[in-house]
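Protein chains in written order, with my numbering: chain A, 23 to 710; chain B, 34 to 102. Heads up, the beta-carbon is just placed ideally off N, CA and C, and yes, glycines get one too. Values in this document were obtained by computation on a predicted structure and should not be read as measured data.
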């Protein structure tokens, strides 16, 4: 292609991106097609990948195909295995894409589609994809070192230890909030409970098949598993139609929460081949399949977005979660824009698989763009619902009441419309008793997806099946993260606890295994249980906490990245990592400050504790709280949430201070500009 | 090309595609490991398939970074 032609094509792509974004931003009072959102996203991704990631690949790291990667140099047939880049891309994407990019944008839709779209697109191009790519490239250059190791070696021991403890803290909050999403999706839904419940014996059956019947035949076992879970979907429908069975499997939020905790505990102490590994294979297939199907469904139907560009809730009065659009849109959408957790994947298995270090650009930057696209699709699915339906599902009962009439009345005062009989009919249509206050994002996303799928295939008769298919997909996803996460958390706890009491660290000593697993489950279980009892829905307080912690980890990763740049002698490019780092610091600190000290009881943990204390003292109790003991527990939990927020904020300050000190001493010349990279080791040229 | 050749080529392609899928979802690659041991450490006896798979799985689920949110 000639130079002029190429420049022309890129100019068109740039025009497409800006034109579509302008159309999205300037639309007022009319519905707009999802096509605009897709165009804005895809064109922006293309520009960012072609030009911005190129600067990082060439000018900063000078990625060189002739430089041997750790996979090539240290090939051991196990950890370090040179692998084709498309396979690594798929593997890396499957590892980073979880429920996060689906849930966050769905919740943030309460502000309208615009804040979400802008943050997802701009955040990924300048933040999330940069972080994933920089950490991957830095790790590849350091024999695949982990983020914690790099923080310790690049910044210092204090930053390293803070990062380790923070990672454990983040895991706990992440597991709690994801478990809460599942609980809210499955409570009083016999269909959902039966379907998800059946996935457990199905995974075990696969485990047995893989161990004894046909060892190692993973694809066969997965095919059987997929057929069986589709059967489970129909079994769930059948059970929900039998009055006795339906009553038996209609579980309250607290019972589902306990079941999820017991399940995760069992999964973390049982051998991995029995439950965890087969479930993970199944989940990987379902994940890739549904993401592809959703993309296809959206492309075929191009649904109109009924949500306005901006709602009046940008002022912080929203029912889904408290807080203004700044900083809370940027906290609510983490995965999809920037997610610190990815830095763990980028410095985990992936750097040990690259056969050519130039692949880091496509795998690090490219797969994050893919995840961002998943977030855009989730936003489309949520905004394709009418605002009335969206808020009836996502607003807690404490706000909209418990009947269709009260919900419709609330929706009317909010300036949208909802016919009470419509939302009841919709619930019946998807095979649920009610859709009111099914907070957490999963049910509304499932409904949005079901509408898109059924419009593309099967018509409205298939709506219920598609809805429960989507719920099953999300729950399968989340339970896989829960059991794997509990197990990883257990190992991290044992590793930290080893320094205090040596036997606690023995990974094959059963009492230590059981004890540490129980501690991890108890930790996230506490937050989960508190969230289930919370009359404001729990998501309200837990999701921001998760967002803050995830963005904290991203700050750590970007500090490591900046240090790496400076020590490579590329300080003039450090704006690339400093820009998102500064933005996230502002966002997390503002959000943390508001969660702590906001005088509004809905937003600030301390203000809420004070209000409840006042109510207890005067003998009145908060709405939906029955006993003084419950009210006192609520107060305790407010203080606990506040303490966790303080911990995350202090961690940000510690790591930033340690990084700044390191940067200054290198820049001032007190420390030499020496990169800790493994020295260049060229691939031998044949014939030399 | 005879029909037998077409058949065997199709079978090859399916096997290759299946291998790609297996590695994307993270199935431990035992054959490659054995080949590696034979090529680079001929004095060592490789682990059995069962030992290898068990070791890989335990390792995969014991450190953060194997999966994300």
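Beta-carbon separation (whole angstroms), residue i vs residue j, contact threshold 8 Å
i	j	result
residue 280 of chain A	residue 681 of chain A	No, residue 280 of chain A and residue 681 of chain A are not in contact; Cβ-Cβ is about 42 Å, not under 8 Å.
residue 47 of chain A	residue 136 of chain A	6 Å
residue 457 of chain A	residue 467 of chain A	Not a contact, Cβ separation roughly 13 Å.
residue 401 of chain A	residue 127 of chain A	4 Å
residue 529 of chain A	residue 287 of chain A	About 17 Å; that fails the 8 Å criterion.
residue 416 of chain A	residue 308 of chain A	About 24 Å separates the two Cβ atoms, so there is no contact after all.
residue 603 of chain A	residue 580 of chain A	4 Å
residue 504 of chain A	residue 282 of chain A	7 Å
residue 699 of chain A	residue 163 of chain A	4 Å
Where the alpha helix (DSSP H) through residue i begins and ends
i	result
residue 193 of chain A	179 to 208
residue 514 of chain A	485 to 519
residue 88 of chain B	82 to 93
residue 28 of chain A	25 to 48
residue 416 of chain A	409 to 416
residue 153 of chain A	151 to 162
residue 451 of chain A	442 to 451
residue 45 of chain B	36 to 57
residue 77 of chain A	It is not in any alpha helix (DSSP H) - residue 77 of chain A carries neither H nor E in the DSSP assignment.
residue 546 of chain A	532 to 555
residue 573 of chain A	561 to 589
residue 473 of chain A	464 to 478
residue 308 of chain A	298 to 323
residue 392 of chain A	389 to 405
residue 212 of chain A	212 to 230
residue 672 of chain A	650 to 689
residue 619 of chain A	597 to 619
residue 288 of chain A	275 to 291
residue 245 of chain A	240 to 263
Where residue i falls, given that 16 or more other Cβ within 10 Å makes a residue buried
i	result
residue 34 of chain B	exposed
residue 99 of chain A	buried
residue 661 of chain A	exposed
residue 208 of chain A	buried
residue 710 of chain A	Because the pLDDT at residue 710 of chain A is just 48, under 50, the model does not fix this residue reliably, and the value given afterwards should be weighed accordingly. Exposed, since its Cβ has fewer than 16 Cβ neighbours within 10 Å.
residue 71 of chain B	exposed
residue 206 of chain A	buried
residue 25 of chain A	exposed
residue 320 of chain A	buried
residue 81 of chain A	exposed
residue 686 of chain A	exposed
residue 523 of chain A	exposed
residue 234 of chain A	exposed
residue 443 of chain A	exposed
residue 37 of chain A	exposed
residue 55 of chain B	buried
residue 31 of chain A	exposed
residue 663 of chain A	buried
According to a CB-to-CB cut-off of less than 7 Å, which residues of the stretch 468 to 491 of chain A neighbour chain B?
-> none
Closer than 9 Å, Cβ to Cβ, to anything on chain B: give me those residues from the stretch 307 to 320 of chain A, in chain order.
-> 307 and 310
Could you list the residues in the stretch 96 to 107 of chain A with a C-beta less than 9 Å from some C-beta on chain B, going in chain order?
-> Listed by position, the residues of the stretch 96 to 107 of chain A near chain B (Cβ gap below 9 Å) are 97, 98, 99, 100, 101, 103, 105 and 106.
Quick one: which residues of the stretch 76 to 98 of chain B get their C-beta closer than 9 Å to a C-beta of chain A? List them in chain order.
-> 79, 82, 83, 85, 86, 87, 88, 89, 90, 91, 92, 93, 94, 95, 96, 97 and 98
Answer yes if the stretch 299 to 319 of chain A comes into contact with the stretch 582 to 600 of chain A, meaning at least three C-beta pairs across the two stretches below 8 Å, and no otherwise.
-> no
Determine, using beta-carbon pairs with one atom in the stretch 103 to 113 of chain A and one in the stretch 375 to 387 of chain A, whether at least three such pairs fall under 8 Å.
-> yes
Segment contact flag, the stretch 179 to 199 of chain A with the stretch 612 to 625 of chain A, C-beta cutoff 8 Å, min 3 pairs | no
What residues in the stretch 500 to 534 of chain A have a beta carbon less than 7 Å from any beta carbon of chain B?
-> In summary, the residues of the stretch 500 to 534 of chain A whose CB is separated from some CB of chain B by less than 7 Å are 503, 506, 509, 510, 513 and 514, in the order they occur in the chain.
Please list the residues of the stretch 106 to 140 of chain A that have a C-beta atom closer than 7 Å to any C-beta atom in chain B, keeping them in chain order.
-> 109, 112, 113, 116, 117, 118, 120, 121 and 122
Give the residues from the stretch 55 to 67 of chain B that approach chain A closer than 9 Å (Cβ to any Cβ), ordered along the chain.
-> 55, 56, 57, 58, 59, 60, 61, 62, 63, 65, 66 and 67
When you check each C-beta in the stretch 584 to 602 of chain A against every C-beta of chain B, which residues fall closer than 7 Å?
-> none
Taking three-plus beta-carbon pairs below 8 Å as touching, is the stretch 351 to 369 of chain A in contact with the stretch 570 to 579 of chain A?
-> yes
Select from the stretch 551 to 577 of chain A all residues with a C-beta closer than 9 Å to any C-beta belonging to chain B, and list them in chain order.
-> 568 and 572
Segment contact flag, the stretch 86 to 100 of chain A with the stretch 144 to 157 of chain A, C-beta cutoff 8 Å, min 3 pairs = no
Which of the residues in the stretch 225 to 250 of chain A, read from start to end, lie with their CB under 9 Å from any CB of chain B?
-> 232, 233, 237, 238, 240, 241 and 244
For the stretch 499 to 515 of chain A against the stretch 472 to 486 of chain A, are there 3 or more C-beta pairs whose distance is under 8 Å?
-> no
Return the residues of the stretch 271 to 300 of chain A that lie within a Cβ-Cβ distance of less than 7 Å from chain B, sorted by chain order.
-> Residues 294, 295, 298 and 299.
Any 3 or more C-beta pairs closer than 8 Å across the stretch 120 to 137 of chain A and the stretch 488 to 504 of chain A = yes
Could you run through the stretch 35 to 56 of chain B and flag, in chain order, every residue whose CB is less than 8 Å away from some CB of chain A?
-> 51, 53, 54, 55 and 56
For the stretch 160 to 176 of chain A against the stretch 419 to 433 of chain A, are there 3 or more C-beta pairs whose distance is under 8 Å?
-> no
Check distances from the C-beta atoms of the stretch 356 to 374 of chain A to those of chain B and list, in chain order, the residues that come in under 9 Å.
-> 356, 357, 361, 363, 364, 365, 366, 367, 368, 369, 370, 371 and 372
Can you find at least 3 beta carbon pairs, one from the stretch 37 to 45 of chain A and one from the stretch 58 to 76 of chain A, that sit closer than 8 Å?
-> yes
Would you check if the stretch 546 to 561 of chain A and the stretch 636 to 650 of chain A touch, i.e. whether three or more CB-CB distances between them fall below 8 Å?
-> yes
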